[in-house]
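K.L.:
Right, I'll just put the structure down here and ask away after.
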Amino acid sequence: MDKMKVCVLEGDGIGPEIVGQALKVLDTVCKARSISLETDHALIGGAAIDAVGEPLPQDTINRCKQADAVLLGAVGGPKWDDVPSHLRPEKGLLGIRKALGLFCNLRPAAIFPALKEASPLRPEIVEGGVDLVVVRELTGDVYFGEHTRTEQNGVTVGQDIMSYSVPEIERIAHKAFHLARKRHKRVTSVDKANVLETSRVWRETVSRIGDEYPDVKLNHMYVDNAAMQLVRNPGQFDVLVTGNLFGDILSDESSMISGSIGMLASASLGEGSMGLYEPIHGSAPDIAGQGLANPLATILSVAMMLRSSFGLNHEADLVEKAVSQALDEGRTADIQADGLPVLSTEQMGDLVAEKVKALLEA
Ligand code: IPM
Ligand code: MG
1 MDKMKVCVLE GDGIGPEIVG QALKVLDTVC KARSISLETD HALIGGAAID
51 AVGEPLPQDT INRCKQADAV LLGAVGGPKW DDVPSHLRPE KGLLGIRKAL
101 GLFCNLRPAA IFPALKEASP LRPEIVEGGV DLVVVRELTG DVYFGEHTRT
151 EQNGVTVGQD IMSYSVPEIE RIAHKAFHLA RKRHKRVTSV DKANVLETSR
201 VWRETVSRIG DEYPDVKLNH MYVDNAAMQL VRNPGQFDVL VTGNLFGDIL
251 SDESSMISGS IGMLASASLG EGSMGLYEPI HGSAPDIAGQ GLANPLATIL
301 SVAMMLRSSF GLNHEADLVE KAVSQALDEG RTADIQADGL PVLSTEQMGD
351 LVAEKVKALL EA
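Below, the structure written as structure tokens:
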């Protein structure tokens, strides 16, 4: 590969700061591998509302479509809490996922050895290691069903339609089984089939697709049980595949196992190689602009980008390795440790970039 085109959506709050560090690392990789990196910047979320009055301008969709990959910071903040619901910053995020057909959201949750003590779970629970990925369906479910509010006999009723079609389930199931093949060959499908028809269709479909992957072990779990098992014995999971709403909830829960939401990356993919990469944490408006934010989740999102959109697996591994190495030398305040210097967002980015450079040249 000689060129990559990345559309950058910094978003709100700490978005610009963390994205800046991630781009620094991406640039280091590209320079070392003589790839010409072309970046384009576009507006999303609150920043777009302020500039043009809507959270996802058509111009942003167009620019993203012209890129090979999208790097996103975070959206939202108290400033936009009172805008009408169709104009909320979050709408920008949901809209870009849908517009780019990114139905498959990968959210890995693993414990970095250096951060073992950060997990809120007891040491004996995480001792055996935790390395799971939530594969969350991202463009269907109750998220994209009709949302209505009606008055019925003087009573206000809110309603959101939950639905899944067989093709929607098939394509996400294939993604999960493919991923499991590259990992520990286990898929847990999470649903609420004891109550929901959507889930019964989900379960039947995932089982049928599972038959095409006899080398992968499939089990089914109700979402309430899965929520419990994640804190009881997270080591039992490899790939967890589930719908949009359950995946939203379980991926936040999984992220906490690692102890630091500032460390977790995500990839949103469709059928092709185009993907959107973002940290799973929010825009943290309370610490924005102070150089306090942890850029590692965004840097690790760049690693996912190198792997999933550009097939640069080795370089992706090295970025992850560089992050591990950097954690032994200094950390941002959210994960600070005795005896290690507390670094600013920028210093953390510089340290990782330096490590990446050394690893790539080794
Ligand atoms: C996430 C977030 C979003 C979601 C919000 C901000 C709309 O929680 O990416 O998990 O619910 O998908
Ligand atoms: Mg969420």
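Take the sequence shown: its letters are residues 1 to 362, numbered as in the numbering used here. From the three backbone atoms N, C-alpha and C, an ideal C-beta is built for every residue, glycine too.
Classify glutamate 146 as helix, strand or coil using the three-state DSSP reduction.
P.N.:
As a first step, residue 146 must be located in the sequence shown, where it is residue number 146. In the structure shown, the three-state DSSP call for glutamate 146 is coil.
K.L.:
Of all the beta strand (DSSP E) runs that stay within the bounds of the segment 167-209, which reach a length of 3 or more residues?
P.N.:
Fully enclosed beta strand (DSSP E) runs of 3 or longer: 186-191.
K.L.:
How many whole angstroms separate the CB atoms of serine 268 and arginine 97, which I take to be in contact at a CB cut-off of 8 angstroms?
P.N.:
Here residue 268 corresponds to residue number 268 of the sequence shown, with the count starting at 1. Here residue 97 corresponds to residue number 97 of the sequence shown, with the count starting at 1. The pair is a contact, with the Cβ atoms about 6 angstroms apart (cut-off 8 angstroms).
K.L.:
Leaving out five residues on either side along the sequence, give the residues of the same chain with a beta carbon under 7 angstroms from the beta carbon of glycine 76.
P.N.:
On the sequence shown, residue 76 is found 76 positions in, with the first residue counted as 1. The answer, listed in chain order, is Asp12, Gly45, Gly46, Pro89, Glu90, Gly282, Ser283.
K.L.:
Ignoring anything shorter than 4 residues or poking outside the segment 209-293, list the alpha helix (DSSP H) runs there in chain order.
P.N.:
223-232, 244-257
K.L.:
Going straight from the alpha carbon of isoleucine 261 to that of isoleucine 280, what length do you get?
P.N.:
As a first step, residue 261 must be located in the sequence shown, where it is residue number 261. As a first step, residue 280 must be located in the sequence shown, where it is residue number 280. Cα to Cα, the separation comes out at about 7 angstroms.
K.L.:
With lysine 5 as the anchor, note down where its beta strand (DSSP E) starts and where it stops.
P.N.:
Here residue 5 is taken as the residue at index 5 of the sequence shown, counted from 1. Start and end: 3-11.
K.L.:
Cβ of aspartate 252 within 7 angstroms of any heavy atom in the ligand MG?
P.N.:
Within the sequence shown, numbered from 1, the residue matching residue 252 stands at position 252. Answer for aspartate 252: yes, Cβ within range of the ligand MG.
K.L.:
Please say whether proline 295 and alanine 22 have beta carbons closer to each other than 8 angstroms?
P.N.:
Translated into the one-based positions of the sequence shown, residue 22 becomes position 22. Translated into the one-based positions of the sequence shown, residue 295 becomes position 295. Contact: yes.
K.L.:
For serine 266, count neighbouring C-beta atoms within 10 Å of its own C-beta (all shown protein chains included) and say buried if the count is 16 or more, exposed if not.
P.N.:
What you label residue 266 is simply residue 266 of the sequence shown in a count that begins at 1. The residue in question, serine 266, is buried, as its Cβ has 16 or more Cβ neighbours within 10 Å.
K.L.:
By Cβ distance below 6 angstroms, which residues in the same chain neighbour arginine 63 in space, the five residues on each side in sequence not counted?
P.N.:
As a working mapping, residue 63 is identified with position 63 in the sequence shown. Closer than 6 angstroms at the Cβ level, and outside the excluded window around arginine 63, lie Cys7, Asp40, Ala42.
K.L.:
Say the cut is 7 angstroms; is the CB of aspartate 12 nearer than that to a heavy atom of the ligand MG?
P.N.:
Walking along the sequence shown from the start, residue 12 turns up at place 12. No, the Cβ of aspartate 12 stays beyond 7 angstroms of every heavy atom of the ligand MG.
K.L.:
Taking the continuous alpha helix (DSSP H) assigned at alanine 322, which residues delimit it?
P.N.:
By one-based count along the sequence shown, residue 322 stands at place 322. It spans 313-327 - the alpha helix (DSSP H) in which alanine 322 sits, taken as one unbroken run.
K.L.:
Should aspartate 248 be counted as a contact of the ligand MG given a C-beta to heavy atom distance under 7 angstroms?
P.N.:
Against the sequence shown, residue 248 aligns to sequence position 248. At least one heavy atom of the ligand MG is found less than 7 angstroms from the C-beta of aspartate 248.
K.L.:
With DSSP as the reference, label proline 57 as helix, strand or coil.
P.N.:
In the sequence shown, the residue the question calls residue 57 occupies position 57. Three-state DSSP puts proline 57 in coil, outside helix and strand.
K.L.:
Lysine 185 and aspartate 141: beta carbons closer than 8 angstroms?
P.N.:
As a position in the sequence shown, residue 185 is number 185, starting the count at 1. As a position in the sequence shown, residue 141 is number 141, starting the count at 1. The answer is no: Cβ separation not under 8 angstroms.
K.L.:
From the DSSP output, in three-state form, read off aspartate 62 for me.
P.N.:
For the purposes of this step, residue 62 is taken as residue 62 along the sequence shown, with counting starting at 1. Reading the sequence as shown, one finds asparagine at residue 62 and not aspartate. In this structure, asparagine 62 counts as helix in the three-state DSSP scheme.
K.L.:
Cβ of isoleucine 169 within 8 angstroms of Cβ of valine 201?
P.N.:
Indexing the sequence shown from 1 puts residue 169 at position 169. Indexing the sequence shown from 1 puts residue 201 at position 201. A contact, by the Cβ cut-off of 8 angstroms.
K.L.:
Determine, using beta carbons only, whether leucine 94 and tyrosine 143 come nearer to each other than 8 angstroms.
P.N.:
Here residue 94 is taken as the residue at index 94 of the sequence shown, counted from 1. Here residue 143 is taken as the residue at index 143 of the sequence shown, counted from 1. Yes.
K.L.:
Mind checking whether the beta-carbon of glutamate 137 lies closer than 7 angstroms to any heavy atom of the ligand IPM?
P.N.:
Taking the first residue of the sequence shown as 1, we reach residue 137 at position 137. Checking the Cβ of glutamate 137 against the ligand IPM gives no.
K.L.:
So who's on the other strand from valine 134, going by DSSP bridges?
P.N.:
Position 134 of the sequence shown, counted from the start, is the residue given in the question as residue 134. The partner list for valine 134 (beta bridge, DSSP) reads Arg107, Leu240.
K.L.:
Drop a sphere of 10 angstroms on the beta-carbon of asparagine 244, count the other beta-carbons inside from all chains shown, and report buried for 16 or more, exposed for fewer.
P.N.:
The residue labelled residue 244 in the question sits at position 244 within the sequence shown. By the neighbour-count rule (16 or more Cβ atoms within 10 Å), asparagine 244 is buried.
K.L.:
Would a C-beta distance cut-off of 8 angstroms place leucine 37 and methionine 1 closer than the cut-off?
P.N.:
As a working note, residue 37 is residue 37 in the sequence shown. As a working note, residue 1 is residue 1 in the sequence shown. Cβ distance not < 8 angstroms, so leucine 37 and methionine 1 don't count as in contact.
K.L.:
Quick check: what's the CA-CA separation for aspartate 81 versus proline 16?
P.N.:
As a working note, residue 81 is residue 81 in the sequence shown. As a working note, residue 16 is residue 16 in the sequence shown. Cα to Cα, the separation comes out at about 20 angstroms.
K.L.:
So what's glycine 349 in DSSP terms, helix, strand or just coil?
P.N.:
Translated into positions along the sequence shown, residue 349 becomes position 349. The answer is helix: DSSP assigns glycine 349 an H, G or I state.
K.L.:
If aspartate 191 sits next to histidine 220, beta carbons under 8 angstroms apart, how far is it from one beta carbon to the other, in whole angstroms?
P.N.:
As a position in the sequence shown, residue 191 is number 191, starting the count at 1. As a position in the sequence shown, residue 220 is number 220, starting the count at 1. Contact annotation, aspartate 191 with histidine 220: C-beta distance approximately 7 angstroms; criterion of less than 8 angstroms satisfied.
K.L.:
So, at 7 angstroms on beta carbons, what are the nonlocal neighbours of isoleucine 335 in its own chain, with the 5 sequence-adjacent residues on each side left out?
P.N.:
Within the sequence shown, the letter at position 335 stands for residue 335. Leu115, Ala118, Ser260, Gly262, Asn294, listed in sequence order.
K.L.:
For a test of the three-state rule: what should DSSP assign to threonine 298, helix, strand or coil?
P.N.:
On the sequence shown, position 298 is the one that residue 298 refers to. It is helical.
K.L.:
Mark proline 55 as exposed unless 16 or more other C-beta atoms lie within 10 angstroms of its C-beta, in which case mark it buried.
P.N.:
Your numbering for residue 55 matches position 55 in the sequence shown. Its Cβ being crowded by 16 or more others within 10 Å, proline 55 is buried.
K.L.:
What do you reckon, is the C-beta of leucine 365 under 7 angstroms from a heavy atom of the ligand IPM?
P.N.:
Residue 365 cannot be examined here, being either before or after the span of the chain that is shown, 1 to 362.
K.L.:
Sort Gly349, Gly275, Ser273 by Cα distance to isoleucine 299 and report the nearest one.
P.N.:
Along the sequence shown, one-based indexing puts residue 299 at 299. Checking every option, the nearest Cα to that of isoleucine 299 belongs to Gly349.
K.L.:
Report yes if the C-beta of glutamate 329 is less than 7 angstroms from at least one heavy atom of the ligand IPM; otherwise report no.
P.N.:
Stepping through the sequence shown from its first residue, residue 329 is reached at position 329. Glutamate 329: no, Cβ never under 7 angstroms from the ligand IPM.
K.L.:
May I ask which residues mark the beginning and end of the alpha helix (DSSP H) holding alanine 48?
P.N.:
Working through the sequence shown from its first residue, we reach residue 48 at position 48. In this chain, the alpha helix (DSSP H) harbouring alanine 48 covers 45-52.
K.L.:
I want to know whether the segment 203-211 touches the segment 100-108 - three or more CB-CB distances under 8 angstroms.
P.N.:
no
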